[in-house]
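Asker: The sequence shown: position 134 = 649 (our numbering), numbered continuously.
Take this structure first; my questions come after.
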Amino acid sequence: MLETSQIDLHPVEVTPDFSVSGQIYPGHIPAIKQLGFTRILAVRPDNEEDADEQPPRFLLEPEVLAAGLQFSHIPIESGIAFPEIAIRGAAHLFAEAPQKTLAFCLTGIRSLRLWALGNALAGTLPPDEIHQAALAAGFDLTQFSTHLKRLALKQAPYYVADDYANLI
516 MLETSQIDLH
526 PVEVTPDFSV
536 SGQIYPGHIP
546 AIKQLGFTRI
556 LAVRPDNEED
566 ADEQPPRFLL
576 EPEVLAAGLQ
586 FSHIPIESGI
596 AFPEIAIRGA
606 AHLFAEAPQK
616 TLAFCLTGIR
626 SLRLWALGNA
636 LAGTLPPDEI
646 HQAALAAGFD
656 LTQFSTHLKR
666 LALKQAPYYV
676 ADDYANLI
């Protein structure tokens, strides 16, 4: 298994209450708490990689909870469309009282896109603000602007499946 001390944690702030990261490890949890995060959102499904590269949820979640942080899991498989249930789950999560959340996946991109789609559907941020926050953090959501606007207007379908699905 990889030593956590050999892997740096580099969260990217999207908004004051939301940051994204690549894979986290149990050894990162004290630093995550020290950075002021109160919730960790796991966007990776288990078994995308071997356990030494990606600790399974059943090992990570108890460590997060023991540190006094909340743990949420909305798994999105790499390279497929975001299912409606995931977007609705994210909308519900982001419509709750704001918490400083660190979302992680392999690179942070799925986490960012789930945040964008969930906030658009929840109406917690307008699509233009979502796009600008993502851009300021180094992520370009131009190809999702139609999806974000449609979700903000509560227009079905809520899943994201088109030419850009493989980019999610």
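In this text, a Cβ means the ideal position worked out from N, Cα and C, and glycines have one as well.
Everything numeric in this text was worked out from a predicted model, so none of it was measured.
For the putative contact between A635 and A610, defined by C-beta atoms under 8 Å, what is the C-beta separation to the nearest angstrom?
Answerer: Their Cβ separation, rounded to whole angstroms, is 12 Å, which puts A635 and A610 out of contact at 8 Å.
Asker: According to DSSP, is H646 part of a helix, a strand, or is it coil?
Answerer: Note: H646 maps to helix in three-state DSSP.
Asker: How long is the line joining the alpha carbons of V579 and P541, rounded to whole angstroms?
Answerer: Near 8 Å, if we compare the C-alpha coordinates of P541 and V579.
Asker: So, with DSSP's three-state summary, where would you put D678?
Answerer: Note that D678 scores 48 on pLDDT, short of 50, meaning its location in the model is unreliable and no value can be drawn from it.
Asker: Any heavy atom of the ligand ADP closer than 7 Å to the Cβ of G551?
Answerer: The ligand ADP is not among the ligands present in this structure, which contains no ligands whatsoever.
Asker: Return the CA-CA distance between A612 and H525, expressed in angstroms with no decimal places.
Answerer: When rounded, the distance between both Cα atoms is 25 Å.
Asker: For T482, count neighbouring Cβ atoms within 10 angstroms of its own Cβ and tell me buried if that reaches 16, exposed if not.
Answerer: Outside the modelled stretch of the chain, which goes from 516 to 683, sits residue 482, for which no answer is possible.
Asker: Count the other CB atoms within 10 Å of the CB of Q670; is the residue buried (16 or more) or exposed (fewer)?
Answerer: Answer is exposed; the Cβ neighbour count stays below 16.
Asker: Could you tell me the alpha carbon to alpha carbon distance between A631 and L663, rounded to whole angstroms?
Answerer: The straight-line gap from Cα to Cα measures roughly 7 Å.
Asker: Is DSSP giving A631 helix, strand or coil here?
Answerer: Helix.
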